[in-house]
Amino acid sequence: MMRPDRVTWLMSLALMVSQRSTCSRRQVGALAEKDGRVLVTGYNGAPSGFPHCIDRGGCRLDEKGGCLDAVHAEANLIAFAAKHGISLEGATVYTTCAPCLGCSKLLINAGIKRVIYMEEYRDTRGKDLLIQAGVKVENVPI
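The numbering used here puts the sequence shown at residues 5 to 146.
What follows is the structure, encoded as structure tokens:
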């Protein structure tokens, strides 16, 4: 039996979380871990109580092709942690897509120390901001 290294294992879990996404445009999953233990997960989808893209037959898109209805995986991860009193200070976030600018701002303010992502995002300003803030950023395609 081949035991995966910790980074591969955690990114595989983030990929599994992405399968819960309700956005028909792009499925993104994220998890926060500390000391090798998963603290919280998040995926992109409509805010609680609102209709999901997959139930409506598709996403409403902005002028750049982004979904207008989905809350991003990283934002959902941070919101869940805040709602349940889980500190993310010093945690690492694994996400299937590099964070956008808005999510990067949230990750910085939540005290995230490292972001590991699988795929590039179309706009690199989020990744650039994380690096500027001293957050370690790594691309790990699996």
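Just so it is clear, CB atoms sit at the ideal spot from N, CA and C, and this is done for glycine as well.
The continuous beta strand (DSSP E) containing C101 extends over residues T96 to C101. The way I'd put it, the stretch 97-108 doesn't touch the stretch 51-59; fewer than three beta-carbon pairs between them come closer than 8 Å. Taking one beta carbon from each stretch, the stretch 32-43 and the stretch 131-138 have fewer than 3 pairs nearer than 8 Å; the two do not touch.
If you ignore the 5 residues before and after Y98, its C-beta comes within less than 6 Å of the C-beta of L14, M15, A18, L35 and I120, all in its own chain and listed in chain order. When DSSP assignments are scanned along the stretch 48-72, the uninterrupted stretches of alpha helix (DSSP H) that are 4 or more residues long and fall wholly within it turn out to be 57-60.
Counting along the chain, the unbroken beta strand (DSSP E) around A34 starts and ends at G33 to K38.
By alpha-carbon distance to A77, the top candidate from I146, P145 and S25 is S25.
The C-beta distance from A50 to A74 rounds to 6 Å, short enough to fall under 8 Å. Annotated three-state conformation of E142 is strand, per DSSP.
Under the DSSP assignment, E78 falls in the alpha helix (DSSP H) whose first and last residues are A77 to K87. Around the beta carbon of V44, a 10 Å sphere encloses 16 or more other beta carbons of the protein chains shown; the residue is thus reported as buried.
In this structure, the beta-carbon distance from G62 to S91 does not fall below 7 Å. In the DSSP assignment, M122 falls within the unbroken beta strand (DSSP E) covering R118 to E123.
Sequence-distant partners of V42 (beyond 5 residues in either direction) whose C-beta falls short of 6 Å from its own C-beta, in its chain, are L35. The C-alpha of C71 is placed about 5 Å away from the C-alpha of L65.
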